[in-house]
Structure formats: C-alpha cells, structure tokens
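Numbering (the numbering used here), first residue to last: 392 to 562. Heads up, the thing below is written out as structure tokens.
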C-alpha cells in the first residue's frame with residue numbers, strides 16, 4: 392500500500408504543481424487565467440484566479456503530509472468539477488486554462504479527467520488507512536516514476552483525448 396500512497400502523492404502533487412506554475416510564472420499568465428473565468432464577476436476574476444493558483448501550489452506542497460495534501464486535492468478537484476459541470480450545463484463556452492493557455496473549451500472530458508484524478512486521491516486515501524511503514528528504495532524507485540508518468544498523462548489529457556475525437560469533440 393505504501394507504493395500506492397507514494398505514487399498518488401507524486402501524481403497529484405505534480406499535477407497541481409504544474410497547474411499552479413502555469414498560472415503563477417508571470418503576471419500575464421495569471422491575467423490570462425483570470426480573463427478565462429467568465430463565470431466569475433469581472434471585479435472578482437483576479438482575486439479568484441490568485442486564490443485558485445495559490446490553492447494549487449499549496450496542494451502540491453502539502454503532499455509531503457499526505458493526509459492534508461490528499462484531502463486538499465480532493466476538495467480542489469471537487470470544486471473544479473462543480474464549476475465545470477455548471478459551466479457545461481449553462482452552455483457557457485470557457486476555455487480550459489488548467490495547465491496554461493488552451494483553446495479547448497471546458498466540457499465533459501474535463502469532468503472525466505477530474506473524476507479519474509479524484510479516484511487517484513481516493514486510492515491514496517485508502518493506502519493511508521493501511522499503513523505499512525516507510526517505503527524502501529525499491530518501492531520508491533517504482534512509485535515515483537509511476538506517479539510522474541501518470542501526471543504527464545493527466546497534464547496532456549486534452550491532447551491525448553484529441554487523438555481519439557473527431558472535429559466536433561465527440562469520441
């Protein structure tokens with residue numbers, strides 16, 4: 392179970408670290424993210440964008456304390472999923488700026504991605520319930536690259552899904 396916990400921590404931590412970095416690397420990137428938040432009143436867009444980016448960075452940093460990091464990750468993913476669901480339901484076209492600039496509009500695909508990330512959080516939480524002691528070097532040598540590989544898949548999820556979708560966005 393320690394292998395599963397470490398892989399979950401690395402995967403969720405890396406996903407949130409990249410998400411935060413793409414928003415916080417410059418003022419222009421944060422402004423760009425803020426401008427994409429069309430569901431938020433204009434005067435609140437910058438503060439909300441900053442709070443989201445700080446929450447993502449905190450989630451990544453707190454993965455060193457898995458009980459807190461995984462819980463915060465689950466809360467953030469739940470909130471993001473709620474916003475995506477409301478956006479889709481209302482028919483609002485809003486680009487996904489989860490990992491930097493993108494022309495891909497938020498949609499059901501993002502709900503699937505977030506559901507899979509929530510599954511990773513739940514698996515990590517399950518592993519916490521069955522502690523087995525500190526992982527050895529061999530377990531870390533497997534868990535860390537596995538978590539990083541999984542993170543790459545989730546970060547590139549839009550691009551990967553695009554390979555299997557037609558031009559209308561259907562699979």
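Positions of the beta carbon are idealized from the N, C-alpha and C atoms, including for glycine.
With distances taken between CA atoms, residue 394 lies nearest to 536 out of 500, 412 and 536. In the three-state reduction of the DSSP assignment, residue 426 falls in the helix class, which pools H, G and I. Nearest neighbour of residue 458 by Cα position, chosen from 512, 413 and 541, turns out to be 512. Using a Cβ distance threshold of 7 Å, residue 539 and residue 410 do not count as a contacting pair.
Rounded to the nearest angstrom, the Cβ distance from residue 490 to residue 445 is 17 Å, too far for a contact under 8 Å.
Take the alpha-carbon of residue 543 and the one of residue 400: they are about 14 Å apart. Among the bridge pairs identified by DSSP, residue 486 is matched with 496.
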